[in-house]
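These notes concern the structure reproduced below.
Residue numbers (this note's numbering), protein chains in the order written: chain W, 1 to 203; chain B, 1001 to 1172.
Written out as structure tokens, the structure reads:
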């Protein structure tokens, strides 16, 4: 499936989920698909930490449902995170690995062992039960809603198999925010939605 | 663990709880085991064991965005691996982060393999302009909450550095 088609399909399936993106292509694609300026945190400035960031948020706000995206390049930098995620076992978090077998933000340089990496198998080997693999827009439209809505305890891990960014997709705009603006937009949104106090003062 | 070390660990836990810390993410250093065990058994905290120090940075940063107080506990060597995560997440987005570290490689550390931390830990902290305060005696414990609150004012990370003698409950 085309990368951007995948994210457009995810956006159509989204209801009230808060979204954390990762460095590189997932931020570009989610921004292109949604232009979300409030309920998405574009965590461009890190690799391999978006789901840890999302786990902290999910723990803090169990009433929120959270989607966290991570490219497989970032995933391979910190696969041990799955042990932490399994240990935390947060039912309100879905970890999406966007698998295109390349470092998409770095001219599609291929990953080590790219052809044989089995991300779902890795997740299962670390004890995750709710592991899903979606490889087409149709499968997202058919399967994601029940996966996302399931009132099942436990952490959910979804592998999205996509093509690397095309030349046209590489030109997609990066989310344009300065870091502090993004922090305040997202934090104020969460304050309004959950009545929590992120910054120590409410406006 | 000595009675003095247990007392120190419990005092640190009280100080953290008093300033609103609920989530503690840790990766061990031998000096910290008394503290980590105290935090793990204390129902005021959710203690998450991580297997890479950067994961603690991510967890605590996300918890901040959910209005949950947090602290990352790790050794000096662990800290030396997280410069990327801190500069990219906490400085780019100006997200507060509170770090509890060991002051390895200085007087009182018997391990030669920590000499590098003695040589470079403070230099690295200074290089990335990450303020820190040394906690060397029980009278310093109150500084922990002051430093925690400073992260919220400063909107960036701050660290406290524990000496060995302090953690084992020995007067220098």
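For every residue, glycine included, the Cβ atom is placed at its ideal position computed from N, Cα and C.
- One Cα belongs to residue 1066 (chain B), the other to residue 35 (chain W), and the distance between them is close to 22 Å.
- Selection B:1141, B:1029 and B:1045 evaluated against residue 1012 (chain B) yields B:1141 as nearest (Cα-Cα).
- Not a single C-beta of chain B is nearer than 8 Å to the C-beta of residue 76 (chain W).
- At least one beta carbon of chain W lies nearer than 8 Å to the beta carbon of residue 1060 (chain B).
- In this structure, residue 1032 (chain B) places its C-beta atom within 8 Å of the C-beta atom of residue 1073 (chain B).
- Per the DSSP secondary-structure output, residue 1026 (chain B) pairs in a beta bridge with B:1049 and B:1073.
- Sequence-distant partners of residue 17 (chain W) (beyond 5 residues in either direction) whose C-beta falls short of 6 Å from its own C-beta, in its chain, are 65 and 67.
- In the structure shown, residue 1107 (chain B) adopts coil according to DSSP, grouped into three states.
- Look at the stretch 127-143 of chain W: it has no residue with a C-beta under 7 Å from a C-beta of chain B.
- Within the stretch 22-46 of chain W, the residues whose Cβ lies closer than 9 Å to some Cβ of chain B are 23, 41, 43, 44, 45 and 46, listed in chain order.
- Your pair residue 100 (chain W) and residue 72 (chain W) checks out as a contact, with CB atoms roughly 7 Å apart and the cut at 8 Å.
- Judged by DSSP secondary structure, residue 138 (chain W) falls within the alpha helix (DSSP H) whose first and last residues are 137-149.
- Contact between the stretch 1157-1167 of chain B and the stretch 1099-1108 of chain B is present: three or more C-beta pairs spanning the two stretches fall below 8 Å.
- Within chain W, the residues placing a beta-carbon under 8 Å from that of residue 1046 (chain B) are 59, ordered along the chain.
- Residue pairing by DSSP places residue 157 (chain W) opposite W:95 and W:131 in a beta bridge.
- Between the stretch 122-131 of chain W and the stretch 187-203 of chain W, the count of Cβ pairs shorter than 8 Å is below three; the stretches do not touch.
- 8 Å or more divides the Cβ of residue 1034 (chain B) from the Cβ of residue 1076 (chain B).
- Check the Cα spacing between residue 122 (chain W) and each of W:136, W:147, W:157 and W:102: the tightest is with W:157.
- Under the three-state reduction of DSSP output, residue 1102 (chain B) falls in the strand class.
- When the Cα atoms are used, residue 1053 (chain B) and residue 1120 (chain B) turn out to be separated by approximately 18 Å.
- Non-local C-beta neighbours of residue 56 (chain W) in its own chain, meaning closer than 7 Å and more than five positions away in sequence, are absent.
- Contact between the stretch 1054-1063 of chain B and the stretch 44-62 of chain W is present: three or more C-beta pairs spanning the two stretches fall below 8 Å.
- For the pair residue 1059 (chain B) and residue 1048 (chain B), the CB atoms are nearer than the 8 Å cut-off.
- Here the stretch 69-83 of chain W makes no contact with the stretch 131-140 of chain W; the two share fewer than three CB pairs at distances below 8 Å.
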